[in-house]
Amino acid sequence: MSVKKKYSETEPLYRRIFTGFLVCVVFAVLFAVRLHVENIGADSQKLFSNNDGLYADWFLYCKELLIFIVALIIAVYFIGEKIFPDKPCRNNPIFQKPAVVPAVLIGIYFLAAVVSAVFSEHKDVVLWGICSEYEGIIAVFSYCLLFFAGYNYFSGEKTFGFYKKAFFVLIAVTVVLSFFEYTVMPLMELPFMKYIIASPEYRSVAESLDFSNGREAVLMFFNSNYMGGFCTMIFPVSVYYVVVAEKIYQKILCSVLSAACFIVTVMSDSTAAFYVVLAEIIFITVFLAVKKLISLKNVMMTVLSFLVLAGALSAATGSVFMSDIAGSIVNSGGYNESSHPFKIDDVHIDGNTIVFSGGGSEYRIIAPVEDGEKLEIQGGEGTEFKTAASDSNTITVYDVRNDFDFSVILRDGIIYLDLGYISTVDFAVTSEGINLIVQNKQLLDSIPYSSFNDSVLSKFYSVATGRGYTWINTLPILKKCLIIGKGSGNFPFYFKQNDLVGLLNIHGTYRLIVDKPHNWYLQIAVTCGIPAMTAVLILFAYFAVSGFRGFFRTSAERLTAEKDTLFLAFLFTGLCGFMVMGLTNDSCITVNPLFWFSFGIAFMRTDRLRKGDVSEKN
Numbered sequence: 025m026s027v028k029k030k031y032s033e034t035e036p037l038y039r040r041i042f043t044g045f046l047v048c049v050v051f052a053v054l055f056a057v058r059l060h061v062e063n064i065g066a067d068s069q070k071l072f073s074n075n076d077g078l079y080a081d082w083f084l085y086c087k088e089l090l091i092f093i094v095a096l097i098i099a100v101y102f103i104g105e106k107i108f109p110d111k112p113c114r115n116n117p118i119f120q121k122p123a124v125v126p127a128v129l130i131g132i133y134f135l136a137a138v139v140s141a142v143f144s145e146h147k148d149v150v151l152w153g154i155c156s157e158y159e160g161i162i163a164v165f166s167y168c169l170l171f172f173a174g175y176n177y178f179s180g181e182k183t184f185g186f187y188k189k190a191f192f193v194l195i196a197v198t199v200v201l202s203f204f205e206y207t208v209m210p211l212m213e214l215p216f217m218k219y220i221i222a223s224p225e226y227r228s229v230a231e232s233l234d235f236s237n238g239r240e241a242v243l244m245f246f247n248s249n250y251m252g253g254f255c256t257m258i259f260p261v262s263v264y265y266v267v268v269a270e271k272i273y274q275k276i277l278c279s280v281l282s283a284a285c286f287i288v289t290v291m292s293d294s295t296a297a298f299y300v301v302l303a304e305i306i307f308i309t310v311f312l313a314v315k316k317l318i319s320l321k322n323v324m325m326t327v328l329s330f331l332v333l334a335g336a337l338s339a340a341t342g343s344v345f346m347s348d349i350a351g352s353i354v355n356s357g358g359y360n361e362s363s364h365p366f367k368i369d370d371v372h373i374d375g376n377t378i379v380f381s382g383g384g385s386e387y388r389i390i391a392p393v394e395d396g397e398k399l400e401i402q403g404g405e406g407t408e409f410k411t412a413a414s415d416s417n418t419i420t421v422y423d424v425r426n427d428f429d430f431s432v433i434l435r436d437g438i439i440y441l442d443l444g445y446i447s448t449v450d451f452a453v454t455s456e457g458i459n460l461i462v463q464n465k466q467l468l469d470s471i472p473y474s475s476f477n478d479s480v481l482s483k484f485y486s487v488a489t490g491r492g493y494t495w496i497n498t499l500p501i502l503k504k505c506l507i508i509g510k511g512s513g514n515f516p517f518y519f520k521q522n523d524l525v526g527l528l529n530i531h532g533t534y535r536l537i538v539d540k541p542h543n544w545y546l547q548i549a550v551t552c553g554i555p556a557m558t559a560v561l562i563l564f565a566y567f568a569v570s571g572f573r574g575f576f577r578t579s580a581e582r583l584t585a586e587k588d589t590l591f592l593a594f595l596f597t598g599l600c601g602f603m604v605m606g607l608t609n610d611s612c613i614t615v616n617p618l619f620w621f622s623f624g625i626a627f628m629r630t631d632r633l634r635k636g637d638v639s640e641k642n
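Per our numbering, residue 25 is the first one in the sequence shown, and the count goes up by one each step.
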């Protein structure tokens with residue numbers, strides 16, 4: 025049997041219906057939103073704010089549930105095809121030799137995730153994931169099934185053609201909704217949304233929601249970084265439609281769409297996504313130039329569309345959009361530690377005394393624990409300061425060396441230490457001494473401190489808007505994940521939380537929980553083990569190498585004649601961009617289902633393109 029006949033047999037109608045269903049559902053899940061209220065466990069309550077143990081989620085749980093249902097449907101369909109096979113389905117790509125590599129690597133990833141879940145110390149969060157992310161072993165299972173569904177069922181011309189058309193609709197819908205959210209209001213605050221996102225008993229909660237976080241487009245992706253990651257995946261595909269457009273009105277429409285897609289990246293307020301998209305533009309330009317497929321007319325139309333849209337947005341938002349572009353370039357988001365005149369070096373509790381130092385000065389705050397005692401501040405050796413007490417329970421101190429003011433306030437048995445950071449540092453005064461107040465009003469009799477705060481690595485804490493702090497302090501966990509991980513959703517239980525000094529200097533507040541490593545690959549290593557991370561990295565590297573070899577060896581004539589192959593090149597670019605985003609982004613149920621599904625489709629077709637196994641028609 026020839027290669028062409030082997031891989032180009034007509035797909036039966038029921039398969040085209042099934043694949044169409046998969047595409048529509050996977051794309052639609054991106055915009056799913058529904059209130060889920062969960063009674064979280066005791067360990068989770070120590071980390072996350074709650075009301076009587078209840079935690080409310082709007083974006084994540086519903087997506088994980090829907091994707092799990094889709095995964096079960098895929099499994100049933102696959103089993104059904106094995107039980108009732110017919111001729112057009114006998115040569116499924118998943119049973120061919122090229123599938124061995126991805127099958128083994130995906131198998132290692134999933135098996136490692138299962139084993140890690142079995143041996144996890146926090147099994148209450150392993151299945152569905154911790155409440156702040158809802159990406160448990162259920163999600164990993166679903167990702168693997170989505171990958172194999174994409175790999176197995178989209179080798180045909182019609183199924184892949186429907187995926188291409190649906191992708192165009194996805195980009196168009198994303199652009200329209202993003203522009204609305206950026207210029208008008210968050211979609212979640214629309215009046216009719218409360219009837220969709222919450223059951224009647226929680227409708228009042230929905231009505232009081234405020235999702236405004238400055239002027240940015242996040243849609244239903246939960247976080248601006250995840251929205252940015254999504255943009256890195258879809259932007260290159262938007263360029264494809266510009267390249268292949270034939271009629272002038274099509275070129276104009278597609279140019280506007282592609283320019284708008286880039287603008288949406290800026291709207292997401294994700295600096296990493298902005299630079300990844302710029303890298304994608306450079307790669308696409310080089311690729312098209314090498315293949316002599318670039319058109320000056322298309323470039324000019326796209327650039328002109330961007331300028332017009334950017335100008336209109338700037339006028340509509342009072343130049344806010346231009347500021348957002350500047351912010352994306354200079355990475356202006358987050359806490360700016362350089363603007364703080366005082367950097368705290370150490371804090372510890374000694375009985376009824378709080379001792380802290382920084383900038384060469386040391387102070388001792390002595391709390392009154394018995395009747396008749398007053399709040400008192402003493403300076404360490406060599407510390408020069410002036411005090412001004414507004415009343416008996418408030419002291420303002422001027423540090424001469426650092427030219428810096430700070431205040432200590434005692435109110436209702438709580439000491440509020442205001443060092444000029446975003447939040448105060450709060451201590452509870454009891455008859456037994458002083459305790460640090462942390463998340464959910466928990467009291468700590470000693471202050472957690474990262475061992476890296478005094479090392480040379482602390483100089484890299486501020487890298488990537490504070491992600492360096494998380495990456496570096498994740499390293500000790502990896503020593504315990506050499507074979508198996510800690511289980512899906514277990515990262516925050518093993519990260520050293522409440523590191524007062526580190527969090528204040530990098531984020532300006534200690535009132536936050538580090539629940540993710542802000543690196544997809546570290547996340548896999550901690551939750552599933554280093555072997556799982558290694559398998560995923562090999563899988564991604566194999567895909568990238570196959571793609572580069574395949575597309576640059578493909579002739580320009582073939583790319584021009586075969587629109588599917590050209591589309592694949594742009595999809596490949598978007599997927600690789602998303603993998604790069606994984607260096608600063610975590611895996612998230614809001615966008616990763618689309619990645620794994622599209623990754624499976626692209627992996628199969630890219631690998632066969634490189635090996636020359638795809639027919640001229642396909």
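For glycine and all other residues, C-beta sits at the position ideal for the given N, C-alpha and C.
Environment of residue i [buried if 16+ CB atoms lie within 10 Å]
i, result
"P210", "buried"
"G532", "buried"
"Y31", "Below a pLDDT of 50, predicted positions are generally treated as unreliable, and Y31, at 42, falls in that range; no measurement from the model is reported."
"S512", "buried"
"F254", "buried"
"S475", "exposed"
"R435", "exposed"
"S26", "Confidence at S26 is low in this model, with a pLDDT of 39, below 50, so the placement of that residue is unreliable and no value is reported for it."
"F216", "exposed"
"A66", "exposed"
"A580", "exposed"
"I103", "exposed"
"T630", "buried"
Residue span of the alpha helix (DSSP H) that contains residue i, given as start and end
i, result
"G690", "Nothing can be reported for residue 690, as the shown portion of the chain is limited to 25 through 642."
"Y387", "That residue, Y387, is in no alpha helix (DSSP H); its beta strand (DSSP E) goes 385-390."
"S179", "That residue, S179, is in no alpha helix (DSSP H); it is neither H nor E in DSSP."
"L328", "320-340"
"I272", "272-291"
"D588", "587-605"
"N249", "248-268"
"I613", "Careful: I613 lies outside any alpha helix (DSSP H) and carries neither H nor E."
"F55", "Run containing F55: none; DSSP gives neither H nor E here."
Closest Cα partner of residue i within the set the options
i, options, result
"F330", "K106, V288, S347", "V288"
"S282", "F165, I195, S292", "I195"
"T377", "F409, S455, F311, A334", "S455"
"L499", "G513, L481, Q466", "L481"
"S385", "I353, D348, F430, A391", "F430"
"L561", "W82, T407, F165, L129", "L129"
"G396", "L84, F192, N417, V150", "N417"
"W495", "F517, V538, T309, S470", "V538"
"T43", "Q69, V462, I97", "I97"
"G131", "S166, Y387, N249, S279", "S166"
"S381", "E394, K398, T407, V393", "T407"
Delimiting residues of the beta strand (DSSP E) encompassing residue i
i, result
"S352", "No beta strand (DSSP E) holds S352; the alpha helix (DSSP H) holding it covers 344-354."
"I446", "Per DSSP, I446 belongs to no beta strand (DSSP E) and is neither H nor E."
"D369", "368-374"
"S459", "Note that residue 459 is Asn in the sequence shown, not Ser. Run containing N459: 457-461, per the beta strand (DSSP E) assignment."
"D429", "428-435"
"Q402", "400-403"
"D423", "418-423"
Residue i and residue j closer than 8 angstroms at C-beta
i, j, result
"I446", "Y440", "no"
"S292", "G252", "yes"
"G571", "F596", "yes"
"F134", "C168", "yes"
"L170", "A95", "yes"
"L337", "V267", "no"
"L84", "M244", "no"
"A137", "C552", "yes"
"L502", "I554", "yes"
"V550", "F575", "no"
"S140", "K510", "yes"
"F259", "F286", "yes"
"Y175", "I118", "yes"
"A56", "L90", "yes"
Next on the checklist: Could you tell me which whole beta strand (DSSP E) segments of length 3 or greater appear in the segment 478-518?
Outcome noted: As far as the segment 478-518 is concerned, it has no whole beta strand (DSSP E) run of at least 3 residues.
Next on the checklist: List, from N- to C-terminal side, the alpha helix (DSSP H) runs of 4 residues or more that fit wholly inside the segment 525-581.
Outcome noted: For the segment 525-581, whole alpha helix (DSSP H) runs of length 4 or above, ordered along the chain, are 544-552, 554-577.
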